[in-house]
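Report on one structure; see the data block that follows.
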Amino acid sequence: MLKQALKILSKIEENGFKAYIVGGFVRDYVLGINSNDVDIATNATPKDIMNIFKFSVLPKEEYGSVTLFIKNDRFEITTFRKEIKYINNRKPIEIEYIDSLLEDLKRRDFKMNTLCMDKYGQILDPLDGKKDIEKKIINTVGSSDYKFSQDSLRILRAIRFATILNFSLSNEVKSAIIKNKYLLKSLSYSRKKQELDKIFSSSNAKYGVSLLLELGLDYDLELYNLKDINLNNDIIGTWASLSMSEKYEQEFKSSEKNLIKEVKEIMKIGITNYSLYKYGLYVNQIVANMKGIDKSFVVGIYEGLPIHSKKEINISTLEILSILNKKAGAYLKDIYNDLEIAILELKLENNKERIKEYILKNY
Ligand code: ATP
Ligand code: MG
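With the sequence shown counted from 1, adding 40 to any position gets you our numbering.
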């Protein structure tokens, strides 16, 4: 990955431009963490880049950057620019390209994200980001109040990086977050959900949640019971434990919404033969994890279920019709529903003779 990235830098430079790896990749490299996501900053414009890499380039919807895919690796190439002005907190109004790496670094969010690497693999650190990485602390580039007031997404990025990297936030960062957190209200729910997903699915999520609570961001994020969050190794379980503004709803796929509903239902009724039969093993295992119940215990109940679907009920419609000496009708469905519950509740054995006796007695 690094080798490939350095090759890309060389290729851009052969064409008369400057290019550096910046941001997360270099930060993670210094921390000894592998990353598959390389950000490259250059004074070449997106058009220049498209000319240099004719076949593997896809224009990005966001202005001023192109993405290069080589096998499974992703290289995002962005032209040096000044601070972007946003409308609605996010959409850039205008982008002003510039020719200076240093100016480009100054518009970035955090000092730890300003490290660069040149085509020789040498690290450049004009804004002193390495010191922060060593001290495991997050500082903004310049005034924190200014940075967060310009773009409230940075507030969540700060918490996300602190969580994933187990870094602390400087006092200036904390105060500026508190001062500007009201701006999160107008950040899109999609961005909020994206960042929260990353925070909640980190193995260090507990720390992330404690930061959100300490800074009072739960209120501005419209998460109503964050302090009761049940951090689950399945993110669906985590979300199911939260109550939040309904505006988050559209950010979930319909299958996810369904799972969340089922988790909530099983949390209420408990893990039983019925819950396992009706909702299946997967979602019951999520609930088991939330309740601190051993997974293998749930698998055991599931495997011991007398039936796993109506099809396994040991009697056919024809057989029922012949016992009752009746024509087919909607009543058959009621009989099957009844049999299903009686068998699941172990009141009736799933055995043809027993079922026949049961039907004769009850219908
Ligand atoms: P990762 O890729 O691990 O999520 P990253 O630091 O690379 O982390 P990206 O979103 O890929 O984050 O952004 C690349 C770089 O662009 C960042 O390191 C930072 O320097 C800059 N950046 C990204 N988003 C912002 C922002 N909202 N405000 C200022 N600078 C930003
Ligand atoms: Mg990145």
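Just so it is clear, CB atoms sit at the ideal spot from N, CA and C, and this is done for glycine as well.
Buried/exposed call for residue 179, threshold 16 Cβ in 10 Å: buried
Can you tell me which residues form a DSSP beta bridge with residue 79? 62 and 116
Tell me whether residue 185, by its Cβ, gets closer than 7 Å to a heavy atom of the ligand MG. no
Nearest candidate by alpha-carbon position, reference residue 212, set 224, 203, 192 and 188: 188
Around the ligand MG, Cβ to any heavy atom closer than 6 Å, ordered along the chain: 63, 64, 77 and 79
For residue 240, which three-state DSSP category applies? helix
Considering only the beta carbon of each residue, do residue 306 and residue 323 sit closer than 8 Å? yes
Could you pull the start and end residues of the alpha helix (DSSP H) that residue 105 belongs to? It is not in any alpha helix (DSSP H) - residue 105 instead sits in the beta strand (DSSP E) that spans 105–110.
Using the C-alpha atoms, what's the distance from residue 224 back to residue 67? 26 Å
Taking its Cβ as the centre, do 16 or more other Cβ atoms sit within 10 Å of residue 244, making it buried, or is it exposed? exposed
Using only the heavy atoms of the ligand ATP, determine whether one of them is closer than 7 Å to the beta carbon of residue 168. no
Is residue 67 near the ligand ATP, judged by its Cβ being under 7 Å from some heavy atom? yes
Rounded straight-line distance, which links the Cα of residue 275 to that of residue 327: 12 Å
Relative to the alpha-carbon of residue 90, which residue among 106, 390, 78 and 352 has its alpha-carbon at the smallest distance? 106
For a test of the three-state rule: what should DSSP assign to residue 97, helix, strand or coil? strand
State yes or no: is the C-beta of residue 271 within less than 8 Å of the C-beta of residue 252? no
Below 8 Å between beta carbons: does that hold for residue 116 and residue 79? yes
Give the C-beta separation of residue 58 and residue 141 to the nearest angstrom, bearing in mind that I take them to be a contact with Cβ-Cβ under 8 Å. 7 Å
Heavy atom of the ligand ATP within 7 Å of residue 148 beta-carbon: yes
Can you tell me whether DSSP reads residue 180 as helix, strand or coil? strand
Hey, could you find the ends of the alpha helix (DSSP H) residue 384 is sitting in? 371–384
For the structure I just gave you, are there three or more beta carbon pairs, one from the segment 360–372 and one from the segment 308–318, closer than 8 Å? no
Bridge-paired residues (DSSP) for residue 355: Paired residues: none, contrary to the question.
Heavy atom of the ligand GDP within 7 Å of residue 237 beta-carbon: For the structure depicted, the ligand GDP is absent and the ligand set comprises only the ligand ATP and the ligand MG.
Hey, would you say the C-beta of residue 231 is under 7 Å away from at least one heavy atom of the ligand ATP? no
What are the partner residues of residue 208, as DSSP defines its beta bridges? 177
Cβ-based neighbour list, residue 376, same chain, cut-off 7 Å, excluding 5 preceding and 5 following: 350 and 353
What does residue 364 pair with, by DSSP beta-bridge criteria? In the DSSP output, where bridge partners are listed per residue, residue 364 has none listed.
If you follow the alpha helix (DSSP H) that residue 317 is in, where does it begin and where does it stop? 313–319
Which value, in whole angstroms, describes the spacing of the CA atoms of residue 136 and residue 55? 22 Å
Integer Cβ distance of residue 197 from residue 235, believed to fall under 8 Å: 7 Å
Sequence-distant residues of its chain with Cβ nearer than 7 Å to residue 260 (five each side left out): 221, 222, 224 and 225
Check each candidate in 293, 299 and 268 and name the one with the smallest Cα separation from residue 284. 268
Is any heavy atom of the ligand ATP found at a distance shorter than 7 Å from the C-beta of residue 282? no
Cβ atoms of residue 206 and residue 176: under 8 Å apart, would you say? yes
Compare the Cα-Cα distances from residue 380 to each of 81, 398, 288 and 173 and report the closest residue. 398
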